[in-house]
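S.K.: Structure below; questions to follow.
Here it is in structure tokens:
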């Protein structure tokens, strides 16, 4: 049983459960034949974070611990919102990091991502849009996450 199967199976309302499963299935079907995206997730002090690992994996990413192996960098820390991250991230970035060179740095809001099935699926859609820009558009950019331009 996958992470999302387990989370969605706990939803009592059958219609909500089916809608959430459909949202997950759409993403998983679309990424089935796409290359996995190496991702690193860091806190506001550049410490490795693994809180999003299940979501990153389900969205087609592979969580890396080494920033030099990642093509995508997601900054996420509880109790640190996007506005706060915007103030601290510029001084944390290193030009030699592939994610910086590829302009693939994202700030993810501080809301808890796995409170329930709905927030977990919302987070999956957010991360899928970060990993595969242009393939997914769920409309949360600027609300729950944002692209941080490095160039």
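In this note's numbering, the protein residues as written are 17 to 167.
The beta-carbon is built from N, C-alpha and C at its ideal position, and this holds for glycine as well.
Helix or strand or just coil, what does DSSP make of residue 123?
M.R.: Of the three classes helix, strand and coil, the one that applies to residue 123 here is strand, per DSSP.
S.K.: Between the C-alpha atoms of residue 19 and residue 42, what's the straight-line distance to the nearest angstrom?
M.R.: Computed Cα separation, rounded: 16 Å.
S.K.: Name the one or two DSSP bridge partners that residue 93 has.
M.R.: According to DSSP, which records beta bridges pairwise, residue 93 is partnered with 96.
S.K.: Taking the straight line between their C-alpha atoms, what separation do you get for residue 77 and residue 54?
M.R.: Whole-angstrom Cα-Cα distance: 6 Å.
S.K.: Considering only C-alpha positions, which residue in the set 28, 63, 23, 106 is nearest to residue 119?
M.R.: Among 28, 63, 23, 106, the Cα nearest to that of residue 119 belongs to 106.
S.K.: Taking the C-alpha atoms as reference points, what is the distance between residue 164 and residue 92?
M.R.: Cα-Cα distance, rounded: 13 Å.
S.K.: Cβ atoms of residue 101 and residue 136: under 8 Å apart, would you say?
M.R.: Not in contact: residue 136 and residue 101 (Cβ atoms no closer than 8 Å).
S.K.: State the start and end residues of the unbroken alpha helix (DSSP H) segment that holds residue 114.
M.R.: Segment 114-117, the alpha helix (DSSP H) holding residue 114.
S.K.: Look up residue 19 in the DSSP assignment and say whether it is helix, strand or coil.
M.R.: Three-state DSSP puts residue 19 in a helix.
S.K.: For residue 108 versus residue 62, is the C-beta distance shorter than 8 Å?
M.R.: Yes, the pair counts as a contact, with Cβ atoms nearer than the cut-off.
S.K.: Note down, in chain order, each residue of its chain lying with its Cβ closer than 8 Å to the Cβ of residue 153, except the 5 sequence neighbours on either side.
M.R.: So the list reads 145, once near-sequence residues are dropped.
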